[in-house]
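Protein chains in written order, with the working numbering: chain X, 1 to 493; chain G, 1001 to 1076. Quick reminder that beta carbons are idealized off the backbone N, C-alpha and C, glycines included. If you're wondering where the values come from, they're calculated on a predicted model, not measured in any experiment. Report on the structure given below.
Below, the structure is given as C-alpha cells:
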C-alpha cells in the first residue's frame, strides 16, 4: 500500500473512532474539546502519508466535527453564521498543522536518504583508496546501486580481459535474467559503443545504461533495470558512476602495475638462470680445457710424467661426466616444467635402486656406506627417476662433506613406505633454509650455481606422491630423507 | 685460489709441468694466509670462493703486496 493511502486510512479511522467515542460525552464537554481531539488524526495522517493524507484528514475531521458536534447534530447544517467562521478558522488551523507535520516528514525522509547517499559515496570512495581487486570493486558498485535505487537488478560490464575491445558482464546484483544480460552487450560487443541511454528491457521494464568513463576513457557500463529515477536520483546515479569509474580505473591500473612487476621479476629470474647455468657449464669446461692444453703442451715438451698424464685424462673423463649429468638435469627440469613427466613404475628391491643411484652419481662407490636391513620390502617406483633422485642427493652430500668422510645411505620400512636417508658430515642445513634448498636457483649467491639437483629430486619424489625433507643428522651434518612407496606383494600361502 | 677441485688439480699439473712452483688454496682464508707467507710471482683467483667475495680477496692481498692477480671467473 502506498504511504499516502495508509496515512489517509489512519486519519479517517482515527477521526471516526475518536468522534464516535466522544458523542456520548458531548453534553458534558465544551465545543472546543472535540475540535482539539480531532487534530490528532490529522497529525497522524500527515506524519504517515504526507500532505495529501493531511488534507484528506482535515476534510474528514471537519465533516466529523460538523456532523457530530455542531448543532443540529447528525447533519451537515451549520446554522449560525458565527459557527461558519469558527469552522473556517478551525479548517485553516488544521491545514497549517497538517502542512507542518507533512514538512517534518519530508525533512526526516530527506535526511535519512541523504545519510544513505553519503554512506554509499563513502563506501565507493573507500574503494578508490583501498587496495581492492577489480572484481570486489565491481561487486560493491553493483550492490550499492541496487540498494540505493531500489532496482530490480543491476549489472556492471567491463572490457574483457583477453580482448580489451569486447564487453563482458563482470558483476551483478538482484539476479538479472541471463537473456537480459546478453542483450546488454552492445551489438558486436565493441567497447567504443559505450554510451549512456535509457531503453526498455526484454521484459518491458525500464533499463538505464550508464557509461563509466574515467579521464575520458571508457572503462565500463552499468545497467539498472526497473529503477524509477527522478532528476535528483539520476544525478546521484551519475555521481556514483563517476566514483565507480575512478575506482575501477585505479584498480585496473594497480593490477596492470602488478603484472608488469611480475614480468620484470620473471625476466630477472630468467637472467639469473642463464647466468647460473652458464657458470655450472663453464666450470667443468674450464677444467677440461686446462687439462687438454696441459696434455698438448706436455706432448711437445715432454715435461709431464705418466702419472700426471693419467690424472689429467681421468680428470677430463670425470668433468665430462659432470657436464653430461648437468645437461641431463637441465633436460629433466625441462620435462618437469613442461608437464611431460610420466612414471614407469616397476617393483624393485631397494638395494638395486641404491646401486643404480651410486653408479649415476659422481661419488666413488667406496666412499658411500650403505646400510639396508635384509627384510626390507621392495618399492614400487620409476627406477630411472629414483636412481636420479639418489644420485643428486649423493652428489649434493659429497659436495658438502669434508674430504675423506663417507656419505651414508640407509633405508628402513615405516608403515607402507620405505624411508631412504642420505647423510653427510658437512655443516648441515640451517632450519630457515630447509624448504628453500629444494627450490631452483636456491643457491644463487656468491657461488652463482643453479642448484638444480635438489629441485629435480623433489620434483621426481613428488611425482611419485611421496615426500622429501632435510633435517640434522645425529652427530652433525645434513640428512635428506625420501619416502618410497612399498610394493604390495601378495603373500604366498 | 679456487674451490673447484678438478680445476685446481689441472692447473697445478699444468703449471708444475712448466716448471712453476704452485701453492693451492681451496678457500679465500687459506689463500690469503698462503699469499702472506711467501712471495709469489702471480696469484690466480676464482671470484666465486665460498667464504669471501673475490674482489675483497684482491683488496686484502694488495694491502701488503703488489703481486699481479689473474682472475678466473665462470660468470659471463
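**Prompt:** In terms of residue numbering, what span does the beta strand (DSSP E) encompassing residue 153/X cover?
**Reply:** On the first chain, residue 153/X is found 153 positions in, with the first residue counted as 1. First-last of the beta strand (DSSP E) with residue 153/X: 153-159.
**Prompt:** List, in order along the chain, the chain X residues whose C-beta lies closer than 8 Å to that of residue 1036/G?
**Reply:** Along the second chain, one-based indexing puts residue 1036/G at 36. Result: empty, since nearest Cβ-Cβ is about 22 Å, beyond 8 Å.
**Item:** chain X contacts made by the region 1010-1040 of chain G, where a contact means CB separation under 9 Å
**Value:** 1010, 1011, 1013, 1014, 1015, 1016, 1017, 1018, 1019
**Residue-chain proximity (residue 521/X, chain G), Cβ-Cβ < 8 Å** = A query on residue 521/X cannot be resolved here, the shown segment of chain X reaching from 1 to 493 and no further.
**Distance between residue 12/X and residue 61/X (C-alpha atoms, nearest Å)** = Translated into positions along the first chain, residue 61/X becomes position 61. Translated into positions along the first chain, residue 12/X becomes position 12. When rounded, the distance between both Cα atoms is 8 Å.
**Request:** Pick out whichever of 386/X, 142/X, 263/X has its Cα sitting closest to the Cα of residue 152/X.
**Result:** Against the first chain, residue 152/X aligns to sequence position 152. When only C-alpha atoms are compared, the closest one is 142/X.
**Asked** For a contact meaning CB atoms closer than 8 Å, what does residue 1007/G contact in chain X?
**Response** Residue 1007/G sits at position 7 when you count from the first residue of the second chain. Near residue 1007/G (Cβ distances below 8 Å), the residues of chain X are 283, 286, 287, 290.
**Prompt:** Which residues in chain G sit within 8 Å of residue 293/X, going by Cβ to Cβ distance?
**Reply:** Translated into the one-based positions of the first chain, residue 293/X becomes position 293. Near residue 293/X (Cβ distances below 8 Å), the residues of chain G are 1014.
**Request:** Can you have a look at residue 80/X and say buried or exposed, based on whether 16 or more other CB atoms are within 10 angstroms of its CB?
**Result:** Stepping through the first chain from its first residue, residue 80/X is reached at position 80. Per the 10 Å Cβ criterion, exposed.
**Asked** Tell me the DSSP bridge mates of residue 428/X?
**Response** Walking along the first chain from the start, residue 428/X turns up at place 428. According to DSSP, which records beta bridges pairwise, residue 428/X is partnered with nothing at all.
**Item:** Reference residue 1005/G, options 117/X, 400/X, 436/X, closest by Cα
**Value:** Working through the second chain from its first residue, we reach residue 1005/G at position 5. It is 400/X whose Cα lies nearest to the Cα of residue 1005/G.
**residue 307/X to residue 458/X span [Cα, whole Å]** = The count along the first chain starts at 1 and reaches residue 307/X at position 307. The count along the first chain starts at 1 and reaches residue 458/X at position 458. The straight-line gap from Cα to Cα measures roughly 41 Å.
**Item:** Cβ separation of residue 167/X and residue 154/X, assumed to be a contact under 8 Å, to the nearest whole Å
**Value:** In the first chain, the residue the question calls residue 167/X occupies position 167. In the first chain, the residue the question calls residue 154/X occupies position 154. Not quite, the Cβ-Cβ distance comes to about 15 Å (not below 8 Å), so this is no contact.
**Request:** Return the Cβ separation of residue 379/X and residue 486/X in integer angstroms, given the expectation that the two are a contact with Cβ distance under 8 Å.
**Result:** In the first chain, counting from the first residue as 1, residue 379/X sits at position 379. In the first chain, counting from the first residue as 1, residue 486/X sits at position 486. Correct: roughly 6 Å between the Cβ atoms.
**Asked** Excluding the five sequence neighbours on either side, which residues of its own chain have a C-beta within less than 7 Å of the C-beta of residue 345/X, listed in chain order?
**Response** Here residue 345/X is taken as the residue at index 345 of the first chain, counted from 1. Taken in chain order, the residues that qualify are 380, 381, 382.
**Item:** Partner residues on chain G for residue 315/X, Cβ-Cβ distance less than 7 Å
**Value:** By one-based count along the first chain, residue 315/X stands at place 315. The contacting residues are 1006, 1009, 1010.
**Prompt:** Of all the options 36/X, 33/X, 51/X, which has the alpha carbon lying nearest to the alpha carbon of residue 7/X?
**Reply:** Position 7 of the first chain holds residue 7/X. Checking every option, the nearest Cα to that of residue 7/X belongs to 51/X.
**Asked** Is residue 149/X helix, strand or coil by DSSP?
**Response** Here residue 149/X refers to the residue found at position 149 of the first chain. In the structure shown, residue 149/X sits in coil (DSSP, three-state: anything other than H, G, I, E or B).
**Item:** Pick from 470/X, 88/X, 280/X that is closest to residue 1073/G, judged by C-alpha positions
**Value:** Here residue 1073/G is taken as the residue at index 73 of the second chain, counted from 1. Nearest option by C-alpha distance: 280/X.
**Prompt:** Of all the options 42/X, 268/X, 65/X, which has the alpha carbon lying nearest to the alpha carbon of residue 33/X?
**Reply:** Taking the first chain and counting its residues from 1, one reaches residue 33/X at position 33. Of the listed residues, the one whose Cα sits closest to residue 33/X is 65/X.
**Request:** Identify the contact partners of residue 303/X in chain G, using a Cβ-Cβ distance below 8 Å as the criterion.
**Result:** Taking the first residue of the first chain as 1, we reach residue 303/X at position 303. Ordered by position in chain G, the residues that pass the 8 Å Cβ test against residue 303/X are 1017, 1018, 1019.
**Prompt:** If you draw a straight line from the C-alpha of residue 444/X to the C-alpha of residue 270/X, how long is it?
**Reply:** Residue numbering aside, residue 444/X sits at position 444 when the first chain is read from its first letter. Residue numbering aside, residue 270/X sits at position 270 when the first chain is read from its first letter. Per-residue confidence for residue 444/X stands at a pLDDT of 43, beneath the threshold of 50, marking its modelled position as unreliable; the derived number appears in the next sentence. One C-alpha to the other measures close to 12 Å.
**Message:** Helix, strand or coil for residue 189/X? Go by DSSP, reduced to three states.
**Reply:** The residue you call residue 189/X lines up with position 189 of the first chain. For residue 189/X, the predicted model reports a pLDDT of 49, less than 50, meaning its position is unreliable; a value from the coordinates is still stated below. Helix.
**Prompt:** Which residues in the same chain have their Cβ closer than 8 Å to the Cβ of residue 1055/G, if we skip the five residues on either side of it in sequence?
**Reply:** For this step, residue 1055/G is matched to residue 55 along the second chain. Once the five neighbours on either side are set aside, the close Cβ partners of residue 1055/G are 1047.
**Message:** Can you give me the C-alpha to C-alpha distance between residue 462/X and residue 470/X, rounded to a whole angstrom?
**Reply:** As a working mapping, residue 462/X is identified with position 462 in the first chain. As a working mapping, residue 470/X is identified with position 470 in the first chain. Taking the straight line from one Cα to the other gives about 15 Å.
**Message:** Can you check which of these residues, 244/X, 82/X, 481/X, is closest to residue 123/X by C-alpha distance?
**Reply:** Translated into the one-based positions of the first chain, residue 123/X becomes position 123. For the residues 244/X, 82/X, 481/X, the minimum Cα distance to residue 123/X belongs to 244/X.
**Message:** In this structure, how does DSSP classify residue 212/X when only helix, strand and coil are distinguished?
**Reply:** Here the question's residue 212/X lines up with position 212 in the first chain. Of the three classes helix, strand and coil, the one that applies to residue 212/X here is strand, per DSSP.
**Request:** Identify whether residue 1046/G lies in helix, strand or coil by the three-state DSSP scheme.
**Result:** Along the second chain, read from residue 1 onward, the residue named residue 1046/G stands at position 46. Strand, per DSSP.
**Message:** When you compare the CB of residue 319/X with every CB in chain G, is at least one pair closer than 8 Å?
**Reply:** Position 319 of the first chain, counted from the start, is the residue given in the question as residue 319/X. Residue 319/X counts as touching chain G.
**Prompt:** When the Cα atoms are used, what is the spatial distance from residue 337/X to residue 1041/G?
**Reply:** Working through the first chain from its first residue, we reach residue 337/X at position 337. Working through the second chain from its first residue, we reach residue 1041/G at position 41. Going by the C-alpha atoms only, they are around 49 Å apart.
**Prompt:** Of all the CB atoms in chain G, is at least one closer than 8 Å to the CB of residue 447/X?
**Reply:** For the purposes of this step, residue 447/X is taken as residue 447 along the first chain, with counting starting at 1. Its pLDDT being 45, under 50, residue 447/X is placed unreliably in this model, and the value from its coordinates should be taken loosely. Chain G, which has a Cβ nearer than 8 Å to the Cβ of residue 447/X, makes this yes.
**Prompt:** What residue does the beta strand (DSSP E) around residue 438/X start on, and which one ends it?
**Reply:** Mapped onto the first chain, residue 438/X falls at position 438. Looking at the DSSP string, residue 438/X is not in any beta strand (DSSP E), and its letter there is neither H nor E.
**Item:** Three-state secondary structure (DSSP) of residue 278/X
**Value:** Along the first chain, read from residue 1 onward, the residue named residue 278/X stands at position 278. The answer is helix: DSSP assigns residue 278/X an H, G or I state.
**Item:** Below-8 Å beta-carbon distance, residue 375/X vs any chain G residue
**Value:** To locate residue 375/X, count along the first chain from 1; it is residue 375. No, its Cβ sits nowhere closer than 8 Å to a Cβ of chain G.
**Message:** What does the Cβ neighbour count give for residue 1076/G, buried or exposed, with the cut at 16 atoms within 10 Å?
**Reply:** Indexing the second chain from 1 puts residue 1076/G at position 76. Its pLDDT being 46, under 50, residue 1076/G is placed unreliably in this model, and the value from its coordinates should be taken loosely. Its Cβ having fewer than 16 others within 10 Å, residue 1076/G is exposed.
**Request:** Could you spell out the range, first to last residue, of the beta strand (DSSP E) harbouring residue 218/X?
**Result:** Numbered from its first residue, the first chain carries residue 218/X at position 218. It spans 217-225 - the beta strand (DSSP E) in which residue 218/X sits, taken as one unbroken run.
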